[in-house]
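Residue numbers (mature numbering (1 follows the signal peptide of the UniProt record, and there is no 0)): -27 to -1, 1 to 272.
Heads up, the beta-carbon is just placed ideally off N, CA and C, and yes, glycines get one too.
Heads up, the thing below is written out as structure tokens.
Structural data, given as structure tokens:
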């Protein structure tokens, strides 16, 4: 039987646990809608899996059915934290829920504070409009399901990264935070092939205000790599252009002369030679005329 002194300790521990949960809830972001496989807070610093602490066996992809190309509203909590970006990635449900797999299948970037702001117009890094009320200041975005998704089951990962305000210090960053939504695609827009040589969308284009500047580094690297690969194709053309007299003119001469010389040039030359050859016949006519005239005068 527990002692009377142990009960207050148990109650104190329970109160401390509730207080800590309230503090956490008021201090971090999490996926609010659509329903998350693991609805709690999931940080990389806590060694959280890409989809939270609920295994795939606990997922319910059949409970959420969308059409191909359908816009899906997504919301997450600001909870007093400014800055950073949110990344959305979609992978087949039966594929591995790994960080690398999600990273390779990113479909959209947006700002963490998309449609949500500080409650203090003078301080963009300030707390929510109603401090102490977790999830009361949601941020929002819309993810349009790509037309290359075949009918089947999928997992969409929400990831908030590069956030700020570590225990009220706006210049100190936070770890990454994750959440996943499982769903089914059935019908919708005509199925297309998955595009290649493209980068994910970024909406809006660049995050400012309480952000330092620009776009996510991964997106900038993708665009730089894409620009480099596209620039490499025209870069080869000046090499060919600089040798136009040898490399470009030669193929033209090789292809076109047989078309012109055989049907036009050679028959024309043959016909001209035939008519020219008849002219010497006239030179033989005066030869007998001279003797005939002379013979007449002699007679």
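Same chain, Cβ closer than 7 angstroms to residue i, five either side skipped, listed in chain order
i           : result
residue 89  : 51, 110, 111 and 112
residue 201 : none
residue 68  : 74
residue 118 : 39, 41, 42, 43, 45 and 158
residue 29  : 70
Bridge partners - residue i, DSSP secondary structure assignment
i           : result
residue 114 : 47
residue 121 : DSSP output for residue 121 lists no bridge partner at all.
residue 4   : 49
residue 16  : 150
Proximal residues to residue i (C-beta, below 8 angstroms), its chain only, five neighbours per side dropped
i           : result
residue 34  : 66, 126, 127, 128, 155, 156 and 157
residue 37  : 7, 8, 154, 155, 156 and 157
residue 171 : 199
residue 79  : 60, 61, 62, 173 and 191
residue 64  : 70, 74, 75, 78, 127, 128 and 130
residue 93  : 99 and 100
Residues near residue i by beta carbon distance below 6 angstroms, same chain, minus five either side
i           : result
residue 176 : 83
residue 120 : 41, 42, 162 and 165
residue 49  : 2, 4, 5 and 112
residue 26  : 11
residue 174 : 81
residue 116 : 45, 47, 61 and 81
residue 124 : 158 and 159
residue 122 : 41 and 158
Expected contact under 8 angstroms - CB spacing of residue i and residue j to nearest Å
i           : j           : result
residue 91  : residue 114 : Residue 91 to residue 114, Cβ: 18 angstroms. No contact.
residue 299 : residue 134 : For the chain, the structure presents residues -27 to 272; residue 299 sits outside this window and is missing.
residue 287 : residue 72  : No answer is possible for residue 287: the residues shown for the chain start at -27 and end at 272.
Subject >> At least three beta-carbon pairs within less than 8 angstroms, the stretch 35 to 42 to the stretch 162 to 172 >> reply: The way I'd put it, the stretch 35 to 42 does touch the stretch 162 to 172; three or more beta-carbon pairs between them come closer than 8 angstroms.
Original post:
So, do the stretch 96 to 105 and the stretch 191 to 200 have three or more beta carbon pairs nearer to each other than 8 angstroms?
Top reply: Flag = no, the stretch 96 to 105 and the stretch 191 to 200 do not touch.
**OP:** Output the residue ranges of the beta strand (DSSP E) runs that lie fully inside the stretch 20 to 95 and measure 3 residues or longer, sorted by chain position.
**Re:** Counting whole runs of 3 or more residues, the stretch 20 to 95 contains the beta strand (DSSP E) stretches 38 to 41, 44 to 50, 58 to 65 and 79 to 84.
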